[in-house]
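In what follows, a single structure is set out as structure tokens and then discussed.
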Amino acid sequence: MRYTGLIERFRSRLPVAAETKIISLGEGGTPLIECQNIAKIIGHNVEIYVKYEGLNPTGSFKDRGMTLAVTKAVEAGSKAIICASTGNTSASAAAYAARAGIKAFVLIPQGKIAMGKLAQALMHGAIIIQIKGNFDDGMRLVKEVAEHAPVAIVNSINPYRLQGQKTAAFEIVEELEGAPDYHYLPIGNAGNISAHWIGYKEYLADKKSQKTPKMVGYQAAGSAPFVAGKMIDNPETIATAIRIGHPQSWDLAHKVEAESGGWFASCTDAEILSAQKLLSSSEGIFCEPASAASLAGVMADVKSGKIPKGAKIVCTLTGHGLKDPDTAISQCSGAMININPVMDEVKNAIINNM
Ligand code: F0G
Numbered sequence: 495m496r497y498t499g500l501i502e503r504f505r506s507r508l509p510v511a512a513e514t515k516i517i518s519l520g521e522g523g524t525p526l527i528e529c530q531n532i533a534k535i536i537g538h539n540v541e542i543y544v545k546y547e548g549l550n551p552t553g554s555f556k557d558r559g560m561t562l563a564v565t566k567a568v569e570a571g572s573k574a575i576i577c578a579s580t581g582n583t584s585a586s587a588a589a590y591a592a593r594a595g596i597k598a599f600v601l602i603p604q605g606k607i608a609m610g611k612l613a614q615a616l617m618h619g620a621i622i623i624q625i626k627g628n629f630d631d632g633m634r635l636v637k638e639v640a641e642h643a644p645v646a647i648v649n650s651i652n653p654y655r656l657q658g659q660k661t662a663a664f665e666i667v668e669e670l671e672g673a674p675d676y677h678y679l680p681i682g683n684a685g686n687i688s689a690h691w692i693g694y695k696e697y698l699a700d701k702k703s704q705k706t707p708k709m710v711g712y713q714a715a716g717s718a719p720f721v722a723g724k725m726i727d728n729p730e731t732i733a734t735a736i737r738i739g740h741p742q743s744w745d746l747a748h749k750v751e752a753e754s755g756g757w758f759a760s761c762t763d764a765e766i767l768s769a770q771k772l773l774s775s776s777e778g779i780f781c782e783p784a785s786a787a788s789l790a791g792v793m794a795d796v797k798s799g800k801i802p803k804g805a806k807i808v809c810t811l812t813g814h815g816l817k818d819p820d821t822a823i824s825q826c827s828g829a830m831i832n833i834n835p836v837m838d839e840v841k842n843a844i845i846n847n848m
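This note's numbering numbers the first residue of the sequence shown as 495 and each following residue consecutively.
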């Protein structure tokens, strides 16, 4: 049967009616890939799986929430949606709005979103409002303006976003035939970790799994309000997707931490880039910098002895590496060989590099 997206697949667990017109791009159903090479490098006999959410239609996990948020906005009669974004939400909102034939207004921090994401929002025809400020400023403005203009907010404060995103947990439990021991995610607003927890708890309650994982949220060191225990006004990190100092799901995420027995922690930009490179070069999996914070977290926690031997760990890779080609290329400078177009020089390049 043709796959038509996660709302159809998990219809009975989502707030849609038989007559609801579904706005979908075939999102969900992303691969869960075992990383045996990295597990070997880390040692310690752990099983590591990555849920490659970069393979959603617009290249990030946001599509899981956006299909439902836009479906429900259209059902309610909205002609326009709005969001603040570090890039991926804007790309997803723009695509689903185009599909639905409605307008998307996106507020982005000027100069601080990755090139691929900007290209997507532009191509899908979103109205792009660049602000001289950061994501947190954008979010504040979006909440204010939605009270004065006919637009539906599709940031993760929209509960339909989390309902759509919980389906990633369903897929993981189905594929592993049970919940993992640990689930690591990069944290920005903390909507996604909260959404996964809803999904894991739902499957536990319905006896589709015997347990829930410990949920572990990793932030970038310069942008780590959950680690600081307070909001931060000037977050900075190379992982622009998670450059957020005032997370919107603050209370929800603290509940997830307490209920699941998990924790929040941070890693440096250098650790993030190194995990991103490791995934690309030793597993063939290209994710964007923010996504690699999940694996960087696993590596730190295995090293410090927090993870017992034999643990089954899932890392969410939230976005595709192609979203941010600039950061990728600048990490690999000097990696190219320049030659004249003659056979001998090609041959030498091969022999010298075997
Ligand atoms: N990873 C990526 C690639 C993201 O784009 C985001 C959030 C996160 C992780 C964090 O997810 O906010 O649910 O904790 N990006 C939002 C955006 C803020 O505007 O695209 P979260």
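Positions of the beta carbon are idealized from the N, C-alpha and C atoms, including for glycine. Small disclaimer: the values here were computed from a predicted structure and weren't measured.
Among the candidates the options, whose CA atom is the shortest distance from the CA of residue i?
i, options, result
"E751", "M837, F720 and A805", "F720"
"G627", "L601, I527 and G619", "L601"
"K556", "E513, I542, L616 and I651", "I651"
"L500", "T565, C529 and P680", "T565"
"D631", "S768, D795 and Q742", "Q742"
"I726", "N683, L767, S703 and H690", "N683"
"L785", "S776, G553 and K806", "Sequence check: residue 785 is Ser here, not Leu. Nearest option by C-alpha distance: G553."
"A620", "L656, T583 and G813", "T583"
"K749", "E669, A511, K695 and S703", "K695"
"G739", "G723, G537, L616 and M848", "G723"
"Q659", "K545, T734 and P783", "K545"
"M609", "P509, E671, V636 and T734", "T734"
"G537", "I687, D795 and H814", "D795"
"A570", "Q530, L549 and T514", "T514"
"Q624", "T821, I607 and K637", "I607"
"E777", "I736, F629, A533 and A829", "A533"
"E671", "R503, D838 and K806", "K806"
"S760", "K701, A718 and R737", "A718"
"I732", "V808, S824 and P653", "S824"
"K817", "K841, G581 and A843", "G581"
"D675", "V540, I831, G693 and L508", "V540"
"I831", "I845, A822 and T821", "I845"
"E753", "S506, V840, M495 and H690", "H690"
"A640", "I736, I575 and A843", "I575"
"G791", "S774, A769 and C781", "A769"
"G693", "Q657, T821 and I535", "Q657"
Would you call residue i buried or exposed, if buried means 16 or more other Cβ atoms sit within 10 Å of its Cβ?
i, result
"M560", "buried"
"C577", "buried"
"I833", "exposed"
"C826", "exposed"
"V836", "exposed"
"Q713", "buried"
"M793", "buried"
"G804", "exposed"
"P819", "exposed"
"S788", "buried"
"R655", "buried"
"G605", "exposed"
"T706", "buried"
"N728", "exposed"
"G756", "buried"
"D763", "buried"
"K701", "exposed"
"Y697", "buried"
"V636", "buried"
"V568", "buried"
"S775", "exposed"
"L616", "exposed"
"T524", "buried"
"P802", "exposed"
Can you give the beta carbon distance from residue i to residue j, rounded, assuming they're within the 8 Å contact cut?
i, j, result
"K611", "A585", "5 Å"
"I516", "A594", "10 Å between Cβ atoms; not a contact."
"L811", "E547", "6 Å"
"A592", "H618", "5 Å"
"L767", "I666", "L767 to I666, Cβ: 26 Å. No contact."
"A589", "L519", "7 Å"
"E528", "P551", "Contact flag wrong, Cβ pair sits at about 24 Å."
"V648", "A563", "4 Å"
"F758", "G799", "Rounded, the Cβ-Cβ distance is 18 Å, inconsistent with contact."
"H677", "M709", "5 Å"
"F629", "P653", "The pair is not a contact, with the Cβ atoms about 20 Å apart (cut-off 8 Å)."
"R558", "T661", "6 Å"
"I542", "K573", "Actually they do not touch by this definition, with Cβ atoms about 45 Å apart."
"G813", "C781", "6 Å"
Report the start-end ranges of each alpha helix (DSSP H) in the region 735 to 805 that is 4 residues or longer and not cut off at the edges. 744 to 754, 763 to 777 and 783 to 797
Within the region 536 to 575, ranges of the alpha helix (DSSP H) (whole runs, at least 4 residues): 556 to 569
Fully enclosed by the region 670 to 713, which beta strand (DSSP E) runs are 3 residues long or longer? 676 to 680
For a minimum of 3 consecutive residues, which ranges assigned as the beta strand (DSSP E) are wholly contained in the region 576 to 633? 597 to 603 and 621 to 625
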